[in-house]
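Numbering (this note's numbering), first residue to last: 5 to 640.
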């Protein structure tokens, strides 16, 4: 039980350098506290040169702050030390923007501090909260995402499952696989497919139909039963998943949903890429959570999982050639090379995936028609790597020459050092062996404009190559990385900044357009393969309402469930551009998502909104129907 509590209060100002974070530490224990320092992690960060009130000193690394109290300060039980920081890097907009975790260090001992939510003047709270209406359905069918064509005339009142009795061995195996998926997601519900029996069962037959696309299917319902025609094994799995959804809806809400008795559902996905990205660097999620998320993606008929395995806060993938990456590089907190960030500050926070674990997860995803896209984020977002292997930085570079947007000093691999490319070739070789995906995502985002300018090696390379600025130097780096991947039989994927500084030849390069909606159009016009994933609509860590009590990030504004659902990814594209758009992707960044309850609150139902954008043609979408169906969507 912790003996200390931390309260915090945000006081806004017209200028961020005048905004204040007021903090009060209360001793709720039974012993006097003296000769201590206070450390806390907060997204409302003190800016360089911030003014302190009633505190002696402060140091900061990204979101980690350590504050020294005035000389001689002690706290007897029940007493409070209050201090203030004037000058912040960003304005607080929600209750979780303040200190998330904290600890005291006294006489070499670390003591946990319980943090209360950040408070602010009432004028900052609009009172709005996340809201999804009850909605309504016109057809009594539980299906998500909604098919392209649904023509159902009547429903069965007493069906409980589909009977797969006369099918061939491969069709039975496919039905049993989807049974397993449904059972893992809904252990309380009956299996959607049975292989013998009579009562309440709808006979199901299978047919291969070459006129359908490989991922397309057609379901035909009649008084005699149901028939599933598919263009390939993927289409068959998708058709079976829809039947499983129909069965689950009829079981879970029989007053609303039924089995069809007469009609046709014909369907195929709108986009070939229907992805979900997950950041496991900020907050690690174990293999069971990853498997569960993959099952959810399969239920939503999404087919790509982008696994964000490395970032400043932690390196999560075992690399056998560099074992320290998942020892030192996957740990942060007291006594570690990396300080605490964004939760769990008082203890060592760690986690990584062994290569054997990764192989099992990739195989599970493949069985569900999901491709796993690995992301190794370079050259920026590399603090975990550089803290583990400092020799990958130019030692002549000034340590505090610049800060990343998240507040990390010098967090980018140096493009002018050959050791960088030797390292990446080795790492990407192991990654290529683990992941069958045609692409490897290399990040390429948020490199500060002043990166490398204090490095003599970088300046020399720029002079030799005639490179004008950091972005041109990054483009040089990207071209070399692309060549490494090409030698491994892989294509390069990255965030939209890969196109900066002259970019690289667009052929075979896949970019995620994230910074603003117009970037999708710009990248398509440049000839890149493009995935639409704008932060304003498809970043699922964005707050879902403007109210102070609503958790989430705010740099891209507010993305309500309806706004995420209504967004059309082809907005602004020409007809040719619409045809060139490869797909859509939800991005789950985890600075705020420190546990699964927050994860579920933030991610659902918006994840399914992106799934429907990727699958369903806009003319077939319906917000009220989606809202009604959302009550039955599975969560983590």
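Backbone N, C-alpha and C fix where the C-beta goes; we use that ideal spot for every residue, glycine too. Owing to the predicted nature of the structure, the values given are computational and were not obtained by experimental measurement.
Check	Outcome
How should residue 290 be labelled, buried or exposed, when 16 other C-beta atoms within 10 angstroms of its C-beta is the threshold for buried?	exposed
Where does the unbroken alpha helix (DSSP H) through residue 638 begin, and where does it stop?	No alpha helix (DSSP H) holds residue 638; DSSP gives it neither H nor E.
Kindly list the residues whose CB is nearer than 7 Å to the CB of residue 130, restricted to its own chain and excluding five residues on each side of it in sequence; keep chain order.	550 and 551
Looking only at DSSP bridge pairs, what is residue 13 linked to?	26 and 123
Could you spell out the range, first to last residue, of the beta strand (DSSP E) harbouring residue 368?	Segment 359 to 371 is the alpha helix (DSSP H) holding residue 368; no beta strand (DSSP E) there.
According to DSSP, what are the bridge partners of residue 164?	For residue 164, which the question treats as bridged, DSSP gives no partner whatsoever.
So, is residue 285 buried or exposed, given that buried needs 16 or more other C-beta atoms within 10 angstroms?	buried
Considering only the alpha carbon of each residue, which of 110, 96 and 213 lies closest to residue 221?	213
With burial defined as no fewer than 16 other Cβ atoms inside 10 Å of the residue's Cβ, what is the status of residue 201: buried or exposed?	exposed
Is the beta carbon of residue 542 less than 9 Å from the beta carbon of residue 435?	no
Less than 9 Å between the C-beta atoms of residue 94 and residue 49, yes or no?	yes
Which class does residue 449 belong to by DSSP, given the choice of helix, strand or coil?	coil
Kindly confirm or deny that the segment 266 to 274 and the segment 163 to 178 touch, where touching means at least three C-beta pairs closer than 8 Å.	no
For residue 205, write down the residues that DSSP places opposite it in a beta bridge.	165
Whole angstroms is fine: what's the gap from residue 275's alpha carbon to residue 623's?	15 Å
Can the beta-carbon of residue 71 be found less than 9 Å from the beta-carbon of residue 42?	yes
In terms of alpha-carbon separation, which member of 572, 66 and 137 lies closest to residue 385?	66
Is it true that the CB of residue 86 sits closer than 9 Å to the CB of residue 29?	yes
Alpha carbon to alpha carbon, how far is residue 302 from residue 612?	11 Å
I believe residue 646 touches residue 479 by the beta-carbon criterion, under 8 Å. Please report the beta-carbon distance rounded to the nearest angstrom.	Residue 646 falls outside the range modelled here, since the chain spans only 5 to 640, and no answer is possible.
Would the beta-carbon of residue 205 fall within 9 Å of that of residue 233?	no
Taking the DSSP output, what are the residues bridged to residue 67?	Looking at the DSSP assignment, residue 67 forms no beta bridge with any residue, so it has no partner.
Return yes when the Cβ of residue 564 is within less than 9 Å of the Cβ of residue 134, no when it is not.	yes
What residue from 106, 84, 89 and 605 has the CA that sits closest to residue 351's CA?	106
Can you list, in chain order, the residues of its chain whose CB lies under 6 Å from that of residue 97, leaving out five sequence neighbours each side?	558
Mark residue 20 as exposed unless 16 or more other C-beta atoms lie within 10 angstroms of its C-beta, in which case mark it buried.	exposed
Using the beta-carbon count (16 or more within 10 Å), is residue 127 buried or exposed?	exposed
Considering only the alpha carbon of each residue, which of 533, 240 and 348 lies closest to residue 103?	348
Please identify the residue among 309, 533 and 505 whose C-alpha is closest to the C-alpha of residue 514.	533
Give the secondary structure of residue 569 by DSSP, where H, G and I count as helix, E and B as strand, and everything else as coil.	helix
So, with DSSP's three-state summary, where would you put residue 268?	strand
Do residue 544 and residue 607 count as a contact pair if the criterion is CB distance below 9 Å?	yes
Could you check where the alpha helix (DSSP H) with residue 436 kicks off and where it finishes?	422 to 438
Taking the straight line between their C-alpha atoms, what separation do you get for residue 495 and residue 442?	6 Å
Please report the straight-line C-alpha distance between residue 18 and residue 92, rounded to a whole angstrom.	12 Å
What distance in whole Å lies between the Cβ atoms of residue 156 and residue 225, which are believed to be in contact at a cut-off of 8 Å?	7 Å
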